[in-house]
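K.L.:
So that you can map any letter, position 77 of the sequence shown is 77 in the numbering used here, and since no number is skipped, the others follow by simple counting. The C-beta atom is built at its ideal place from N, Cα and C for all residues, glycine as well.
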Amino acid sequence: SVKLGGVEVTELEGVPLAEYRRRWVGFVFQDHHLLPQLTALENVILPTLAGGRDDLASGRAYDLLDRVGLVERMHALPAKLSGGERQRVAIARAMINHPPLLLCDEPTGNLDEEAADTVANLFVELAREHDAMLVVVTHNLKLAGRCRRCLELRHGTLEETSL
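1) Taking the alpha-carbon of G5 as reference, which of L151, S82, P99, E129 has the nearest alpha-carbon?
2) For L151, which of S82, D31, E160, A92 has the nearest alpha-carbon?
3) Identify, in the order they occur along the chain, each residue of the same chain with its Cβ nearer than 8 Å to the Cβ of L141, setting aside the five sequence neighbours on each side.
4) Check whether the stretch 35-54 and the stretch 83-103 touch, using three or more Cβ-Cβ pairs below 8 Å as the test.
5) Would V68 pass as a contact of D105 if the rule is Cβ separation under 8 Å?
6) Go through its chain and collect everything with a Cβ distance to G145's Cβ below 8 Å, but skip five positions before and after it.
7) Pull up the CB-CB distance for A132 and L103, whole angstroms please, since I reckon it's below 8 Å.
8) Please classify H32 as buried or exposed, where buried requires at least 16 other C-beta atoms within 10 Å of its C-beta.
9) For the alpha helix (DSSP H) that contains G84, what are its first and last residues?
10) Is the beta carbon of G84 closer than 8 Å to that of T118?
11) Only counting runs of 3 or more residues, tell me where the beta strand (DSSP E) segments fall wholly within the stretch 8-75, in order along the chain.
12) Check the Cβ-Cβ distances between L35 and every residue of chain C, and say whether any is below 8 Å.
13) Which two residues bound the contiguous alpha helix (DSSP H) that contains D117?
14) Bridge partners for E106 per DSSP, in chain order?
If you want it as structure tokens, here you go:
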């Protein structure tokens with residue numbers, strides 16, 4: 001049983017599940033999953049399109065790209081962005097619909113230490129600013145150490161741990 005926002009998520013499927021995810025959950029993956037034919041700005045705006053017309057999406061996307069330090073790269077295609085820049089675009093995309101939950105799977109796994117620190121700082125700051133819960137799966141102990149609560153998977157069981 002998994003409830004979020006009073007909704008039993010495990011009972012949803014199809015369109016209702018997709019709508020629920022769009023409104024309630026932002027996803028960031030180790031591999032950013034940006035669409036290569038879209039600019040950074042267009043990739044950030046993309047999740048807003050599923051909900052119909054959103055006249056404020058461009059402004060929000062611009063603000064988020066500014067917040068992650070990429071406003072000057074907003075017209076660049078992913079192939080022209082560094083790994084850290086692509087991951088910051090993915091973070092902005094995950095935040096565009098102001099989801100109360102951010103699920104992050106190894107968000108710093110493909111980044112060098114400096115870029116990983118930048119991305120980790122952005123996660124924590126944006127989650128705080130948007131009052132979002134951040135669930136991170138990571139091998140990066142520095143990132144895990146910034147979280148209020150840490151669980152470790154041991155022999156198939158999640159156990160509370162301290163770093």
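P.N.:
Short version:
1) P99
2) E160
3) L163
4) yes
5) no
6) L163
7) Actually they do not touch by this definition, with Cβ atoms about 10 Å apart.
8) buried
9) 83-95
10) yes
11) 25-29
12) Among the chains of the structure shown, chain C does not appear; only one protein chain is present.
13) 113-129
14) The partner list for E106 (beta bridge, DSSP) is empty, contrary to what the question assumes.
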